[in-house]
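Input: a single structure, listed below in structure tokens.
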Amino acid sequence: MYTVGELLRQWRHRRRISQLDLAIAADVSARHVSLVETGKSNPSADMILRLADQLEVPLRERNRLLLAAGFAPRYAERPLAGDALSAARDAVERVLRAHEPYPALVIDRRWNIVMTNRALGPFLADVAPDLLRPPINMLRLGLDPRGLAPRIVNLAEMRVVLRTRIARQLATAPDPELTALYEELLAPGSEDAGHPIESEVVIPMIFNFDGRELRLFSTTTTFGTPMDITLDEVAIESYYPEDAESAAYFKNLVLA
Numbered sequence: 000m001y002t003v004g005e006l007l008r009q010w011r012h013r014r015r016i017s018q019l020d021l022a023i024a025a026d027v028s029a030r031h032v033s034l035v036e037t038g039k040s041n042p043s044a045d046m047i048l049r050l051a052d053q054l055e056v057p058l059r060e061r062n063r064l065l066l067a068a069g070f071a072p073r074y075a076e077r078p079l080a081g082d083a084l085s086a087a088r089d090a091v092e093r094v095l096r097a098h099e100p101y102p103a104l105v106i107d108r109r110w111n112i113v114m115t116n117r118a119l120g121p122f123l124a125d126v127a128p129d130l131l132r133p134p135i136n137m138l139r140l141g142l143d144p145r146g147l148a149p150r151i152v153n154l155a156e157m158r159v160v161l162r163t164r165i166a167r168q169l170a171t172a173p174d175p176e177l178t179a180l181y182e183e184l185l186a187p188g189s190e191d192a193g194h195p196i197e198s199e200v201v202i203p204m205i206f207n208f209d210g211r212e213l214r215l216f217s218t219t220t221t222f223g224t225p226m227d228i229t230l231d232e233v234a235i236e237s238y239y240p241e242d243a244e245s246a247a248y249f250k251n252l253v254l255a
């Protein structure tokens with residue numbers, strides 16, 4: 000069981016920020032930061048949250064900091080399907096529907112699919128049924144040989160992209176379950192050799208689908224200033240056609 004000072008020090012080291020830089024950003028003395036980290040000073044709840052804000056600590060972990068200091072959690076974690084988040088859910092549904100006929104989906108911090116639009120349906124036709132049992136994990140769906148992996152022409156390149164992205168995510172917000180998934184599905188292997196990523200600006204995912212190649216790139220959208228853990232941890236993945244041929248395929252797609 001870590002103390003609040005130990006947890007704050009871990010986050011400061013993770014962000015590679017000195018005590019002095021953190022103190023300046025939080026408008027406190029470096030001595031006070033040192034005393035908090037060593038347990039010689041008991042910070043108030045407001046001070047904990049001020050330091051956590053400068054360290055960009057996720058809301059879930061801010062609750063952990065507060066609990067370690069003996070304070071009640073500040074941030075609720077309510078289901079996206081519940082009444083409390085109905086306005087946010089409705090907004091997300093509008094974004095997903097407006098993106099049709101192109102695929103879009105919502106994932107949580109462990110890459111479990113929370114919501115999708117109708118354009119994703121045709122891609123799942125040949126996926127093994129057990130991969131479609133909730134919660135459907137996007138990483139497993141994409142990388143499992145019984146999932147979408149056989150359809151992805153540049154699978155090795157996509158593995159490198161995903162490995163880089165998830166490694167960054169884990170550096171920002173460590174999670175044991177996501178770490179286990181990363182080690183299971185994305186551990187570097189010989190099949191990835193010779194696939195360096197020269198640019199991360201736009202790297203298309205190339206599908207072999209219905210006898211043609213579909214080239215898609217994606218964007219990620221998150222809530223700007225969430226005050227709920229669920230909203231803090233979800234992201235909308237939106238896919239766009241990279242060329243006219245791919246766009247034409249989706250425009251001709253009949254959505255049930």
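Position 87 (the sequence shown) corresponds to 86 in numbering that gives the first Met the number 0; numbering is contiguous.
Where a beta carbon is used, it is the ideal one built from N, C-alpha and C, also for glycine.
The beta carbon of Asn111 is closer than 6 Å to those of Pro134 and Asn136 in its chain, skipping five residues each way along the sequence. Residue range Ala103 to Ile106 is occupied by the beta strand (DSSP E) that includes Leu104. In this structure the stretch 39-54 does not lie against the stretch 75-89, because fewer than three pairs of beta carbons, one per stretch, are closer than 8 Å.
In this structure Ala103 does not touch Phe249 by the C-beta definition: roughly 12 Å separates them, more than the 8 Å allowed. Judged by DSSP in its simplified three-state form, Phe122 adopts helix. In the DSSP assignment, Phe206 falls within the unbroken beta strand (DSSP E) covering Met204 to Phe208.
Following the DSSP letters along the chain, one finds Val113 inside the beta strand (DSSP E) bounded by residues Ile112 to Thr115.
Considering only Ile205, Ile47, Pro57 and Ala86, the residue with the shortest C-alpha distance to Ala68 is Ile47.
In the three-state reduction of the DSSP assignment, Leu54 falls in the coil class, being assigned neither a helical nor a strand state.
Taking the Cα positions, Leu6 is about 14 Å away from Gln18.
The C-beta separation of Glu232 from Arg108 comes to about 4 Å, placing the pair in contact by the 8 Å criterion. The DSSP-derived three-state label of Leu180 is helix.
Boundaries of the alpha helix (DSSP H) harbouring Ile165: Leu154 to Thr171, taken from the DSSP string. When Val105, Arg11 and Ala22 are compared, the shortest CA-CA separation from Leu64 is found for Arg11. The shortest C-alpha to C-alpha distance from Phe216 to any of Thr224, Phe222, Phe206 and Glu183 is the one to Phe206.
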